[in-house]
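Notes follow the structure.
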Amino acid sequence: MMTTQRIVAAEAARGFMPPDEGLALREAGVAATDAVPGLPLLEIGSYCGKSAIYLGDAAERAGVVVFAIDHHRGSEENQPGWEWHEPDLVDPAVGRIDTLPWFRRTIHAAGLEAAVVAVVGDSPTVARFWSTPLALVFIDGGHGDDPAHGDYERWSPHVAINGLLAIHDVFPDPADGGRPPYEIYLRALDSGSFVEVSATGSLRVLRRVDTGRPHDPGTRRVASA
Ligand code: SAH
Ligand code: MG
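For the working numbering, add 1 to where a residue sits in the sequence shown, where the first one is 1.
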């Protein structure tokens, strides 16, 4: 169970993770670290640290860590003029969004500095040099076509067999939100390497099964007219 203090910290944190989906993400972290003990978790897209509390709680319980990747400059949809822009996040000295100070406050307030390791950088760049197998990968970075498909292609092969792949903002109905997270969820299922284990709001959790061969992310779907 998450402590009440930590649930309060998560709900107080800025960001885009509803409480029920956050708790489902934490449950996925618990299940993943039970299934493949000793391996770390990894998040792509931390923003101000809200979802990292849920994964950090699971990591702490299991004696591992969660790597929280974000360049902290915001996604396209967080930039001035876009739907999800929060003007007070702009660093006036730089003229760009900087969510890292908020992230650090959030993780400190939750008492999770030992279990949540910030990796400040561009997801594809970090992925180029990554080789550690992971108990769980949570994809919640850039939600455009190239960022989402790129994160799926680069990070899903690092999920250990019996580990979990979690994807946020999966909306089967286009009226509810953008396509790319839904498309990568379909790609993961189509690859044959993943089976669905749970759905909570827009969070989907998939388990990697042992197919006897490496995971092939598969070819990218082209949106139909
Ligand atoms: N999980 C967060 C929300 C993430 S919002 C929560 O719980 O609130 C998406 C985040 O992805 C933004 O902070 C943005 O900076 C980050 N992001 C987008 N593209 C990225 C990239 N190429 N590399 C690293 N981070 C990226
Ligand atoms: Mg999200």
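The C-beta atom is built at its ideal place from N, Cα and C for all residues, glycine as well.
Note that this is a predicted model, so its numbers are computed, not measured.
Check whether the Cβ of His72 sits closer than 6 Å to any heavy atom of the ligand SAH, and report yes or no.
Result yes, Cβ under 6 Å from the ligand SAH.
Give the DSSP-derived three-state secondary structure of Ala226 in the structure shown.
With a pLDDT of 48 at Ala226, under the threshold of 50, the predicted position of this residue should be treated as unreliable, and no value is reported.
Let's see if you can read the secondary structure: which residues bound the alpha helix (DSSP H) around Glu154?
Where Glu154 is concerned, the enclosing alpha helix (DSSP H) stretches over Asp146 to Trp156.
Would you mind stating whether Ala167 and Phe139 have Cβ atoms separated by less than 7 Å?
Yes; because the gap between Cβ atoms is below 7 Å, this pair is in contact.
From Ile54 to Gln6, what does the alpha carbon distance come to, in whole angstroms?
For Ile54 and Gln6, the distance between alpha carbons rounds to 11 Å.
In or out: Thr107 buried (at least 16 other Cβ within 10 Å) or exposed?
Thr107 counts as buried, since no fewer than 16 other beta carbons sit within 10 angstroms of its beta carbon.
As assigned by DSSP and simplified to three states, the class of Asp217
The three-state secondary structure of Asp217, taken from DSSP, is coil.
Could you check whether His159 and Ser194 sit closer than 7 Å to each other, using their CB atoms as the reference points?
Pairing Ser194 with His159 gives a Cβ-Cβ distance that is not under 7 Å.
Rounded to the nearest angstrom, what separates Asp211 and Trp103 at their Cα positions?
If I take the Cα positions, the gap works out to 39 Å.
So Ser192 and Gly164 are in contact, right, with Cβ under 8 Å, and what is the actual spacing, rounded?
That pair is no contact at about 15 Å.
Using only CA atoms, which one of Trp83, Cys49, Gly143 and Leu190 lies nearest to Leu101?
The shortest C-alpha separation from Leu101 is found at Cys49.
By how many angstroms is the C-alpha of Val171 removed from the C-alpha of Pro22?
The residue asked about is misnamed: residue 22 is Glu in this sequence, not Pro. Computed Cα separation, rounded: 12 Å.
Those runs of the alpha helix (DSSP H) which lie wholly inside the stretch 40-125 and span at least 4 residues
Whole alpha helix (DSSP H) segments, 4+ residues: 51-63 and 101-110.
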